[in-house]
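Quick note: the sequence shown uses the numbering used here, first residue 143, plus one each step. Data block below; observations after.
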Amino acid sequence: MPAMKKKAECVGIGQVFNKLVKQIGSPVDFELPESLNKWKPTSYSFIRRNVYLTKKMKRRLEDDGIFCSCNSSVGSSGVCGKDCLCR
């Protein structure tokens, strides 16, 4: 059965292409617009190094992690309060 189904699909596809060819008719010559014909490629510039692959040094010496600007009280557990501003 699969061979008959495959053959039926090929016949169906062939009919579709035959209909398309009849609708298109004779071939048409295609020409590019003058602006594309006169277009010249840009000059090539050699890339000396890939800036995305080089490792950049940190500009700041301190850690860029989150730090708090609030003052912890002597008896606190080390957790910031509601009024603390963390950056």
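Positions of the beta carbon are idealized from the N, C-alpha and C atoms, including for glycine. Note that this is a predicted model, so its numbers are computed, not measured.
Query raised in the report: Tell me, which residues are paired with C222 by DSSP?
Result: Answer by DSSP bridge pairing: none, since C222 is not bridged.
Query raised in the report: Which residues in the same chain have their Cβ closer than 6 Å to the Cβ of C210, if we skip the five residues on either side of it in sequence?
Result: Around C210: C222, C226, C228.
Requested in this report: Check the DSSP bridge columns for C246 and list the partner residues they point to.
Outcome: Because residue 246 is not part of the residues shown, which for the chain are 143 to 229, the question remains open.
Query - Rounded separation between L174 and S168 - CA only - result: In a straight line, the C-alpha of L174 is about 19 Å away from that of S168.
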